[in-house]
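Letter by letter, the sequence shown follows residues 2 to 341 in our numbering.
Cβ coordinates follow ideal geometry from the N, Cα and C atoms, glycine included.
Here's the structure, in structure tokens; my notes come after.
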Amino acid sequence: MEHVTLKDVAKATGFSITTVSRVLGGVDYPVHADTRDTICKAAKELNYIPNILARSLKTQVSKDVAVVMPSITNPFYTSIIMGIEGALSAQGYNMLTYLTRMNRAKDSELVTSLRGKMIAGVIVAADCLTPSLSNSLLLLKKSGIPFVITDYTPDLSEPSPGVFFDYRRGGQMAARYLLEQGHRRIAYATRTLDRLSRRGLKDGFCEVMASLGAPFGEKDVFISRSKSDFDASAELAQLLLEKAGQYTAVFANNDAVAVGMIAELARQGVRVPEDISVMGFDNCVFAKMSSPALTTVQVPAEDMGSLAAKSILEELAGKKVEYSIYLEPKIVERRSVQKL
């Protein structure tokens with residue numbers, strides 16, 4: 002079926018294309034009520050769909066915001082996207098989602114796409130930033146297209162505004178919480194420390210352990226190089242089991258790893274928290290679904306996405322945003338950590 006145009010609606014109603022365009026384009030122009038009703042009724046019967054792209058080209062105003070994330074399967078990034086979408090749609094903006102990191106060879110394609118499309122702004126997760134993408138975003142910014150970074154503060158040549166989480170403080174809070182529960186022999190389980198966020202989390206944890214005199218060193222840090230959280234969790238649980246009886250608690254770098262470790266420990270006959278306490282980091286949906294429910298450090302991912310979108314919207318409204326927002330961690334107590 003051919004696309005119905007303004008010309009088709011004009012022919013069906015007997016009104017000029019100009020009048021039809023004013024009515025269906027939402028232009029604030031006086032049109033008789035009967036005329037408006039006739040045109041709207043005909044448009045509905047003909048299944049007329051406005052050509053938003055053509056309208057954008059004509060007005061030079063885009064309603065599309067590019068959102069660049071490393072994953073949509075990780076609940077953390079899914080929550081960020083939900084926050085972004087909710088804030089953008091409330092103001093009539095659309096979200097164009099790009100996935101990266103899985104294949105770095107696609108970075109050049111992403112850069113080309115961002116430069117070639119008519120977009121209003123860009124929201125990008127810090128994990129996605131490569132030198133080529135960072136340079137492209139800075140060029141877009143100079144041409145009047147703003148961008149906002151989420152998750153953690155990246156190492157860029159030019160400081161850029163964003164909505165960030167204090168991972169170091171999150172690690173500090175986790176260590177302090179476990180120590181307050183009476184634990185002294187604590188293991189640290191993490192995937193490869195190839196991200197600033199993971200390194201910051203570990204550094205904060207180690208700082209508190211050292212400052213409070215807890216017996217903790219690099220030998221108590223277990224690292225998995227597996228590419229998936231669940232594969233890593235099984236490997237980390239096995240490493241922990243090899244040190245049977247040495248630890249009363251373990252802190253994992255995210256909830257997916259923590260929940261996977263609980264499942265693997267249970268399969269090996271180790272009870273949580275009776276035999277060993279397990280603490281996670283994120284407070285994603287997995288934390289509530291695990292058995293026992295997971296005690297964790299909350300990262301307000303959906304709020305992060307919502308605030309990032311609102312920051313972009315402020316820029317698009319003509320307000321210069323030169324500040325960043327830092328979100329604080331919070332302990333969420335459930336049943337996977339026992340008090341000794």
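Quick check on residue i: does DSSP put it in helix, strand or coil?
i	result
Q299	strand
K228	coil
F16	coil
I326	strand
V164	strand
A34	helix
L308	helix
S212	helix
S292	coil
N75	coil
E236	helix
D357	Coverage of the chain is limited to positions 2 through 341, which leaves residue 357 absent and any answer about it impossible.
D156	coil
S144	coil
A44	helix
K8	helix
T39	helix
G87	helix
S243	Per the sequence shown, the amino acid found at residue 243 is Glu instead of Ser. Note: E243 maps to coil in three-state DSSP.
K203	helix
V24	helix
M103	Low confidence applies here, because M103 scores a pLDDT of 49, under 50, leaving its location unreliable and the question unanswered by this model.
Can you list, in chain order, the residues of its chain with a C-beta nearer than 8 Å to that of residue i? Leave out the 5 residues immediately preceding and following it.
i	result
L341	Q182, G183, H184 and T249
L241	A188, A190, F223, Y248, V251, M262, L266 and I277
Y324	P162
D204	R169 and G172
S90	M96
D38	none
K8	I18
F339	The question names Phe, yet the displayed sequence has Gln at residue 339. Cβ within range, chain order: Q182, P274, E275 and S278.
G84	A302, E303, D304, M305, G306, S307, L308, A309 and A310
V260	S234, G281, F287, A288, M290, S291 and L295
From the DSSP output, which residues share a beta bridge with residue i?
i	result
I120	None; I120 has no bridge partner.
K331	Q299
F223	A190
D283	Q299
F217	None; F217 has no bridge partner.
A126	T151
CB-CB under 6 Å to residue i, same chain, minus the five flanking residues each way: which ones, in chain order?
i	result
I326	V164 and L308
N255	F282 and D283
R335	A294, L295 and T296
N104	With a pLDDT of 49 at N104, under the threshold of 50, the predicted position of this residue should be treated as unreliable, though the coordinate-derived value follows. Taken in chain order, the list of residues that qualify is empty.
G201	Y168 and R169
A88	S307, A310 and K311
Q92	L314
A238	M262, E265 and L266
Y49	V5 and V10
T74	none
Which residue marks the beginning of the alpha helix (DSSP H) containing residue i, and which one marks its end?
i	result
I277	Neither: I277 is in no alpha helix (DSSP H) and is coded neither H nor E.
K178	Lys is not the amino acid found at residue 178; the sequence shown has Tyr there. Run containing Y178: Y168 to E181, per the alpha helix (DSSP H) assignment.
L100	L100 -> not in any alpha helix (DSSP H); beta strand (DSSP E) instead, spanning N95 to L100.
K340	Run containing K340: none; DSSP gives neither H nor E here.
N48	Premise fails: N48 is in no alpha helix (DSSP H) and is neither H nor E.
At which residues does the beta strand (DSSP E) containing residue i begin and terminate?
i	result
A188	I187 to R192
V260	No beta strand (DSSP E) holds V260; the alpha helix (DSSP H) holding it covers D256 to R268.
I150	F148 to D152
A67	D65 to M70
A250	A250 to A253
Could you pull out every residue in the same chain whose Cβ sits closer than 7 Å to the Cβ of residue i, ignoring the five residues on either side in sequence?
i	result
V32	T20, R23 and V24
I332	M174, Y178 and V298
E159	L139
A233	R192, S225, S227 and V258
S135	L157
A11	S17, I18 and V21
Using 8 Å as the Cβ pair cut-off and three pairs as the minimum, do the stretch 122–132 and the stretch 60–75 touch?
-> yes
Does the stretch 159–178 come close enough to the stretch 290–305 to have 3 or more Cβ pairs within less than 8 Å?
-> yes
Using 8 Å as the threshold, is the stretch 145–165 in touch with the stretch 310–318, meaning 3 or more CB pairs across them?
-> Here the stretch 145–165 makes contact with the stretch 310–318; the two share three or more CB pairs at distances below 8 Å.
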